[in-house]
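Asks: Those sequence lines, one after another, are chains Z and L. In this text, residue positions in the first sequence follow our numbering: the first is 42, and each later residue adds one. In this text, residue positions in the second sequence follow our numbering: the first is 2, and each later residue adds one. Every residue, glycine too, gets a C-beta built ideally from N, C-alpha and C. If you scroll down you'll find the structure; I have some questions about it.
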Amino acid sequence: MGRSALLLCQLLVAVIFLGLWQFFATVPVFGRMWLPPFFFSNPVDVGSQIVAWFRSGVIWKHLVITLWESVLAFAIGSLAGVLVGFWFARQPRIAAIFDPYVKMVNALPRVVLAPIFTLWLGLGIWSKVALGVTLVFFIVFFNVYQGVKEVSPTVLANGRMLGMSEKQLMRHVFWPSALSWMFSSLHTSVGFAVVGAVVGEYLGSAAGLGYLIQQAEGVFDVAGVFAGMFVLSAFVILIDFGVILVERRLLVWRPDAGEGRGG
Amino acid sequence: MLDDATVAFRLADARVYTAVEKAQLAVEQGEFVAIVGPTGCGKSTLLNIVAGLLRPASGSVHVFNRPLVGLNRDAGYLFQADALFPWKTALDNVAIGLEVQGVARAEALTRAQQWLTSVGLGAFANRYPHMLSGGQRKRVGLAQVLIRDPKILLMDEPFGPLDAQTRQIMGNLLLQLWTKDRKAVLFVTHDLEEAIALADRVVIMSAGPGSRIIGNWPVPLPRPRDIFEIRLEREFHALHKEIWSVLKDEVMKGYAQSSQAAEAG
């Protein structure tokens, strides 16, 4: 299938989907409305809500807040994950001691932490950043840990035979290997950073996309809920596109660049 | 170089597995020695001991009359499996050998480019290992090892994974580079023809466990050699026949043992 034909088919799916939605939400069939407007709204209303948000400019503030929270959560979570993952992989004893606790914390559904973070850090952005960090940290941590542990023994032996000191092995062998694993989980960890931010906002905040959706839901404004969801999807797709660009740049040396190994 | 080196491993079930027993092997400076043996006889283990990657359970390794402690700093090692750093370009892979020694990066890169050219990959400097063919990767590996100018060259079935033609081309390249400064070479292979074609001396190991060195044949073929041509010579055939008559039994033994082990396991 050609590129344009593929694009056409993809567009067609959207058109049919929206068309059916609009039809069943506005035209009664066999004497009843199959998608009652109260529960399902309709594409036109949702669209005009989105347009209204952008026209008044009110959406930008929320987008910027959510983006900022995601970026912070990603940066802090990744940094901590890389450092701790590296440390554990090089110090098996420490890893063994902390192993049950790491598993315990990771087993916890992160949503239950949200109230605690709100209590500790208030309703501002930091409680959302903290929630995102707990999600991102573990993905990066496990990937980096694995990456350092699974350095090919031959490559490692080769480094030694080439006369590398421990420090040089770190720099030329362990570090690139760990980073490559971290980057391969980039899609997942960036996605989770956004999830952390939005869920945090949803559970209690004064701004952000999650807040917007929660507000609309609070007044049974279904069009607002759907509009918030669409903006959120578009937002995530844009970020993902950015991640793909970064990945192409950083993983040129990998034959399977782009196939993520996510947690 | 090797003096009564015995290699034993403690297996998970606390039995001791003696991989190589009392191997004695001396390699002169400038000598090209090939070690041939059936699969699983511990050829690579022997090489790892000389490299200092493994320590013998008893016996010792002497390098230039000094006992080997830790890694063998005089040796360059060409591995059987892919050992290039996948995140470095061919050029960086070769240059790293010098950079590690503290050579300035600019100079390391210039010399790495020269080495790449001398192994016939001058135009591939910016490729990453996964973009190169198996033979090209081996060439980069060769350059990576040789740029450090090691006094001893250890090679563990380096051309094993390559196809027959590429192997011969690589063999000729190796001989051509080796002739320039004649390092001591320890070349492990399971291919007797390759061993005779390349080496000054062929050493045969028995089937494991407790593998021993059971034969030692000088190869009186004249140098410089061409690997394609040398196989057609009468002397080559005579020697091949003679060594094979000994090696064949060991290959059969090794095969029988591994198939028994497979049945038992």
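Candidates Z:F276, Z:A198, Z:F215, Z:P141: which alpha carbon is nearest V236 (chain Z)'s?
Replies: Checking every option, the nearest Cα to that of V236 (chain Z) belongs to Z:F276.
Asks: In the DSSP output, which residue or residues are listed as bridge partners for W218 (chain L)?
Replies: DSSP output for W218 (chain L) lists L:V203 as bridge partner(s).
Asks: Below 8 Å on the Cβ atoms is my guess for A96 (chain L) versus L110 (chain L); work out the distance and round it to an integer in Å.
Replies: Correct: roughly 5 Å between the Cβ atoms.
Asks: Below 7 Å on C-beta distance, what does V101 (chain L) contact in chain Z?
Replies: Going along chain Z in sequence order, the residues near V101 (chain L) (Cβ under 7 Å) are L203, G204, M205, Q209.
Asks: Hey, out of L:A105, L:Y129, L:S59, L:V186, whose CA is closest to L92 (chain L)'s CA?
Replies: Considering only alpha carbons, the answer is L:Y129.
Asks: Can you list the residues of chain L that V293 (chain Z) reaches, using a CB-CB cut of under 8 Å?
Replies: Under the 8 Å cutoff, chain L gives Y129.
Asks: Is V146 (chain L) near Q209 (chain Z), with beta carbons less than 8 Å apart?
Replies: Not in contact: V146 (chain L) and Q209 (chain Z) (Cβ atoms no closer than 8 Å).
Asks: So what does DSSP say about A114 (chain Z), is it helix, strand or coil?
Replies: A114 (chain Z) falls in the helix class under three-state DSSP.
Asks: In the DSSP assignment, the beta strand (DSSP E) including F224 (chain Z) goes from what residue to what residue?
Replies: Taken as a continuous stretch (DSSP letters only), F224 (chain Z) belongs to no beta strand (DSSP E), being part of the alpha helix (DSSP H) at 216–225.
Asks: Helix, strand or coil: how does DSSP classify Y129 (chain L) here?
Replies: Reduced to three states, the DSSP call for Y129 (chain L) is coil.
Asks: Measure from the alpha carbon of P219 (chain L) to the alpha carbon of each residue in L:A239, L:P210, L:V120, then state which is nearest.
Replies: Among L:A239, L:P210, L:V120, the Cα nearest to that of P219 (chain L) belongs to L:A239.
Asks: Can you give me, in chain order, the residues of the stretch 193–208 of chain L that have a beta carbon less than 9 Å from any beta carbon in chain Z?
Replies: Hits within the stretch: zero.
Asks: Suppose you measure from the CA of L322 (chain Z) to the CA of S168 (chain Z); what does that come to, to the nearest Å?
Replies: A question about residue 322 (chain Z) goes unanswered here, because the residues of chain Z that appear run from 42 up to 304.
Asks: With distance defined between alpha-carbon atoms, name the residue in Z:T107, Z:Y142, Z:A136 nearest to G165 (chain Z).
Replies: Answer by Cα proximity: Z:T107.
Asks: In chain L, which residues lie with their C-beta within 8 Å of the C-beta of S221 (chain Z)?
Replies: The answer, in chain order, is W88.
Asks: CA-CA distance, A126 (chain L) and A247 (chain Z)?
Replies: Looking at the two C-alpha atoms, the distance is approximately 55 Å.
Asks: Can you find at least 3 beta carbon pairs, one from the stretch 240–259 of chain Z and one from the stretch 137–148 of chain Z, that sit closer than 8 Å?
Replies: No, because fewer than three Cβ pairs between the stretch 240–259 of chain Z and the stretch 137–148 of chain Z fall closer than 8 Å, the two stretches do not touch.
Asks: Can you check whether the C-beta of L154 (chain L) is within less than 8 Å of a C-beta belonging to chain Z?
Replies: L154 (chain L) does not count as touching chain Z.
Asks: What does Y78 (chain L) touch in chain Z if you count any residue whose Cβ is under 8 Å from its own?
Replies: The contacting residues are A198, N199, M202.
Asks: Are the CB atoms of S89 (chain Z) and A66 (chain Z) nearer to each other than 8 Å?
Replies: Contact flag unset, no.
Asks: Which whole-angstrom value describes the C-beta separation of F182 (chain Z) and G126 (chain Z), a residue pair presumed to lie in contact below a C-beta threshold of 8 Å?
Replies: Their Cβ separation, rounded to whole angstroms, is 5 Å, which keeps F182 (chain Z) and G126 (chain Z) in contact under 8 Å.
Asks: For Y186 (chain Z), which residues of its own chain have a beta-carbon under 7 Å away from its beta-carbon, when the five flanking residues on both sides are left out?
Replies: Cβ neighbours of Y186 (chain Z) beyond the five flanking positions: G126, F129, A130.
Asks: So that I know if they touch, is there some Cβ in chain Z lying closer than 8 Å to that of R149 (chain L)?
Replies: Yes - at least one Cβ of chain Z is within 8 Å of the one on R149 (chain L).
Asks: Can you tell which of Z:P84, Z:G204, Z:S225, Z:G251 has its C-alpha closest to the C-alpha of V56 (chain Z)?
Replies: Looking at the Cα atoms, Z:P84 is the closest of the given residues.
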